[in-house]
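When we follow my numbering, the leftmost residue of the sequence shown carries the number 220, and every step to the right adds one. Here a beta-carbon is modelled for each residue, glycine too, at the ideal position from N, C-alpha and C. Keep in mind the model is a prediction, meaning the values are calculated, not measured.
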Amino acid sequence: MALLAVVICVIDKIKKVVERENKFLVFNSNGRLVELSNEEYSIFKKFGELKEFPTKINEQEKEVLELLCDLELIEYTNYATKKIKKQYSSKLYDANSINPVGDAPFLAHLAVTTNCNMHCKYCSVRNAHQKINTKELSTEQWKTIIKKLSDAGVFQIGFTGGEPTLRKDIHELMRFTESVGCVCNLTTNCWDLNEQFIDEMVKTGIRQCQVSLDSFNDEIHDKLRGQGSLKRVVKSIELLQKKGIHVGIDCVISTNNIKDILNMIKKCEELQIQYVTLIKLKKGDLDEVTFKSLVPSYTDYGQLIDSLCYRKNEMPNVTIDCASISNLQYTLKDSELKSIPTAGCPVGHNLVCIAPNGDIYPCAALLTEKFKLGNILTDDFKDLWKKNKLLQSLRNIKNLVEGKCSSCSRLDFCRAGCRGIAYTLNNKSFYVSDDSCEYKKVEV
220 MALLAVVICV IDKIKKVVER ENKFLVFNSN GRLVELSNEE YSIFKKFGEL
270 KEFPTKINEQ EKEVLELLCD LELIEYTNYA TKKIKKQYSS KLYDANSINP
320 VGDAPFLAHL AVTTNCNMHC KYCSVRNAHQ KINTKELSTE QWKTIIKKLS
370 DAGVFQIGFT GGEPTLRKDI HELMRFTESV GCVCNLTTNC WDLNEQFIDE
420 MVKTGIRQCQ VSLDSFNDEI HDKLRGQGSL KRVVKSIELL QKKGIHVGID
470 CVISTNNIKD ILNMIKKCEE LQIQYVTLIK LKKGDLDEVT FKSLVPSYTD
520 YGQLIDSLCY RKNEMPNVTI DCASISNLQY TLKDSELKSI PTAGCPVGHN
570 LVCIAPNGDI YPCAALLTEK FKLGNILTDD FKDLWKKNKL LQSLRNIKNL
620 VEGKCSSCSR LDFCRAGCRG IAYTLNNKSF YVSDDSCEYK KVEV
């Protein structure tokens, strides 16, 4: 059994420190998780509370402290952070058994309501959530869930929906999340965000907010998400930045907007938006014909990713979701595989989703009764996380996947693609290959 202990840390930027197997997992208020050795952690503790970069230190201490500053774990008034470093653990890449890489998922998405004030054409959760015939959980029930997840070792809680801002107690839930040592994140369509709402957000301690945006072209964005929605999003972004909350963009890639993405990224740079995540379209409520007409071709999406890989500007930091890893193969050379900070589908290792009634699912792409793992209010979450048969199968997917993925030279890298997409395209088996991938070996 892994040694696990929560360590008290009073450094301002740090939310939680966990000691595990002679390593220290340090999680900061911006959502960055870094694994430190005993030696690195000793230096971190010794100098982390200082206001200025120390001068009377040896070369090893200096090197470690500079790294910790660049990883956003320490902040000194007299040290200018170099380019933010990306630290990548190979644990998920090497994972090939029924056991999780951690004692708990890193991230839990909490769909705190089924209600939404939009009707986005490609919503992937609306139908699944509306099938849940139950009253919304109370504030106290959600607090019980959040505490249970924190105690299990979850580092970050993300509030989703529906539209989470429609809950009158959302600020209370955010404040509680921060109080139990988890970093809180809110994903919103921005329809109801105003200055008063954001002022209350700031008081909760939240540092980051994910905003749904598909284009800065109102003809494109409003067609997908509703008339007038782009103006509300832009105004909300300005207010969030003004109040010191980091803004991230969640952008769903479809045939509607793929040709405008580079323009969107350029606009994000102008607006000093720090993060953009490109999300591969999931089937959700869409019929098969419509879904296939909206999914960009493998080549088109691959070419977009290729363009983004070689752009010169550093803001925003653009990432792709785990379902898009197969499209990354289009541009990636074999020699580059190990240098890219990703390892494909993290289901069963890094995340879990909680539905509005407390039911637990592996991820937002697998929200049907067939994939229900249990209920967070009634089941032993720690036991379920380690022993649930479906989660064990997902962790062992590299040995179980059927078809072309099983013999692909890059199976370690993408872990057989998105299980949600693979299943919805061919529901004969949960272990089919991801047919949305058309990878052909890239010549080195």
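Review point. To the nearest angstrom, how far is it from the Cα of Leu-619 to the Cα of Cys-633?
Key: For the purposes of this step, residue 619 is taken as the residue at position 400 of the sequence shown. For the purposes of this step, residue 633 is taken as the residue at position 414 of the sequence shown. Their Cα atoms are separated by approximately 14 Å.
Review point. Is the distance from the Cβ of Ile-484 to the Cβ of Val-537 below 8 Å?
Key: Working through the sequence shown from its first residue, we reach residue 484 at position 265. Working through the sequence shown from its first residue, we reach residue 537 at position 318. In contact: Ile-484 and Val-537 (Cβ atoms closer than 8 Å).
Review point. Can you tell which of Ile-262, Lys-340, Val-253, Lys-366 has the C-alpha that lies nearest to the C-alpha of Lys-310?
Key: Numbered from its first residue, the sequence shown carries residue 310 at position 91. For the residues Ile-262, Lys-340, Val-253, Lys-366, the minimum Cα distance to Lys-310 belongs to Val-253.
Exercise for review: Count the other CB atoms, across all protein chains shown, that sit within 10 Å of the CB of Leu-234; report buried if there are 16 or more and exposed otherwise.
Suggested key: What you label residue 234 is simply residue 15 of the sequence shown in a count that begins at 1. The question names Leu, yet the displayed sequence has Lys at residue 234. It is buried - the Cβ of Lys-234 has at least 16 other Cβ atoms within 10 Å.
Exercise for review: Keeping to the same chain, check which residues put their C-beta closer than 7 Å to that of Val-399; ignore five residues upstream and five downstream.
Suggested key: Translated into positions along the sequence shown, residue 399 becomes position 180. Hits under 7 Å: Ile-365, Lys-366, Ser-369.
Check your understanding: Can you tell me whether DSSP reads Ile-227 as helix, strand or coil?
Key -> For the purposes of this step, residue 227 is taken as the residue at position 8 of the sequence shown. For Ile-227, the predicted model reports a pLDDT of 49, less than 50, meaning its position is unreliable and no value from the coordinates is stated.
Exercise for review: Evaluate contact between the segment 397–413 and the segment 447–458, counting only Cβ atoms and requiring at least three cross-stretch pairs below 8 Å.
Suggested key: yes
Exercise for review: Give me the Cα-Cα distance between Ser-434 and Cys-339, rounded to the nearest whole angstrom.
Suggested key: Translated into positions along the sequence shown, residue 434 becomes position 215. Translated into positions along the sequence shown, residue 339 becomes position 120. The straight-line gap from Cα to Cα measures roughly 14 Å.
Exercise for review: Give the straight-line distance between the Cα atoms of Glu-621 and Cys-656, rounded to the nearest whole angstrom.
Suggested key: The residue given as residue 621 occupies position 402 in the sequence shown. The residue given as residue 656 occupies position 437 in the sequence shown. One C-alpha to the other measures close to 14 Å.
**Study point:** Minimum C-alpha distance to Gly-463 - residue among Ser-431, Ile-425, Thr-643
**Key:** On the sequence shown, position 244 is the one that residue 463 refers to. Considering only alpha carbons, the answer is Ile-425.
Check your understanding: Would Ala-667 pass as a contact of Trp-604 if the rule is Cβ separation under 8 Å?
Key -> Residue 667 is absent from the model: the chain starts at 220 and stops at 663.
Check your understanding: Hey, out of Asn-404, Glu-397, Tyr-642, Ile-544, whose CA is closest to Val-466's CA?
Key -> Mapped onto the sequence shown, residue 466 falls at position 247. Out of Asn-404, Glu-397, Tyr-642, Ile-544, Asn-404 has the C-alpha closest to the C-alpha of Val-466.
Check your understanding: Can Asn-247 and Lys-265 be called in contact, C-beta distance under 8 Å?
Key -> Within the sequence shown, the letter at position 28 stands for residue 247. Within the sequence shown, the letter at position 46 stands for residue 265. Cβ distance not < 8 Å, so Asn-247 and Lys-265 don't count as in contact.
Check your understanding: How do the segment 546–557 and the segment 513–530 stand: do at least 3 beta-carbon pairs fall below 8 Å, yes or no?
Key -> yes
Practice item. Can you tell me the Cβ-Cβ gap for Gln-375 and Gly-250, rounded? I've got them flagged as a contact below 8 Å. Key: Sequence index remark: in the sequence shown, residue 375 carries index 156 (1-based). Sequence index remark: in the sequence shown, residue 250 carries index 31 (1-based). That belief holds up - the Cβ atoms of Gln-375 and Gly-250 are roughly 6 Å apart, short of 8 Å.
Exercise for review: Taking 8 Å as the cut-off, decide whether the C-beta atoms of Cys-288 and Thr-300 are in contact.
Suggested key: Here residue 288 is taken as the residue at index 69 of the sequence shown, counted from 1. Here residue 300 is taken as the residue at index 81 of the sequence shown, counted from 1. Closer than 8 Å, so yes.
Exercise for review: Could you tell me if Ser-512 is buried or exposed, where buried requires 16 or more neighbouring beta carbons within 10 angstroms of its beta carbon?
Suggested key: Taking the first residue of the sequence shown as 1, we reach residue 512 at position 293. With fewer than 16 Cβ atoms within 10 Å of its Cβ, Ser-512 is classed as exposed.
Point to revise | Local Cβ density within 10 Å of Asp-653, reported as buried at 16 or more and exposed below that | key: Along the sequence shown, one-based indexing puts residue 653 at 434. It counts as buried.
Review point. By Cβ distance, which residues of its chain are closer than 7 Å to Asp-519, with the 5 residues on each side in sequence left out?
Key: Walking along the sequence shown from the start, residue 519 turns up at place 300. Counting only Cβ-Cβ distances below 7 Å, and skipping sequence neighbours, we find Ile-477.
**Study point:** Close beta carbons around Ser-543, own chain, < 8 Å, minus the five adjacent residues each side
**Key:** On the sequence shown, residue 543 is found 324 positions in, with the first residue counted as 1. Correct list, in chain order: Ile-472, Leu-497, Ile-498, Lys-499, Tyr-520, Ile-524.
Practice item. Run through the segment 234–284 for me and flag every whole alpha helix (DSSP H) of 4 or more residues, listed as ranges in chain order. Key: 257–266
Review point. Would you report the Cα separation of Asp-263 and Glu-397, rounded to the nearest angstrom?
Key: Numbered from 1 along the sequence shown, position 44 holds the residue referred to as residue 263. Numbered from 1 along the sequence shown, position 178 holds the residue referred to as residue 397. It should be pointed out that residue 263 corresponds to Phe in this sequence rather than to Asp. For Phe-263 and Glu-397, the distance between alpha carbons rounds to 22 Å.
Review point. Can Thr-333 and Gly-377 be called in contact, C-beta distance under 8 Å?
Key: If you number the sequence shown from 1, residue 333 lands on position 114. If you number the sequence shown from 1, residue 377 lands on position 158. Contact: no.
Point to revise | Reference Met-337, options Ser-448, Asn-257, Pro-535, Val-245, closest by Cα | key: Here residue 337 is taken as the residue at index 118 of the sequence shown, counted from 1. For Met-337, the nearest C-alpha among the options comes from Ser-448.
Point to revise | Helix, strand or coil at Asn-645 [DSSP, three-state] | key: Locating residue 645 in the sequence shown gives position 426, counting from the first residue. Residue state, collapsed to three classes: coil.
Practice item. Measure the C-alpha to C-alpha separation of Leu-329 and Gly-639 and round it to an integer number of angstroms. Key: As a first step, residue 329 must be located in the sequence shown, where it is residue number 110. As a first step, residue 639 must be located in the sequence shown, where it is residue number 420. Each residue's Cα considered, the two are about 18 Å apart.
Point to revise | C-beta contact flag for Pro-383 and Val-331 at 8 Å | key: The residue you call residue 383 lines up with position 164 of the sequence shown. The residue you call residue 331 lines up with position 112 of the sequence shown. A contact, by the Cβ cut-off of 8 Å.
Review point. How many Å lie between Leu-644 and His-390 at the Cα?
Key: One-based indexing of the sequence shown puts residue 644 at position 425. One-based indexing of the sequence shown puts residue 390 at position 171. In a straight line, the C-alpha of Leu-644 is about 39 Å away from that of His-390.
Exercise for review: Between the Cα of Leu-585 and those of Lys-501, Lys-354, Leu-443, spot the shortest distance and give me the residue it belongs to.
Suggested key: One-based indexing of the sequence shown puts residue 585 at position 366. Selected option, being the one with the closest Cα: Lys-501.
Exercise for review: Using the Cα positions of Asn-607 and Asn-569, report the straight-line distance between them to the nearest angstrom.
Suggested key: Mapped onto the sequence shown, residue 607 falls at position 388. Mapped onto the sequence shown, residue 569 falls at position 350. So the alpha carbons of these two residues sit roughly 15 Å apart.
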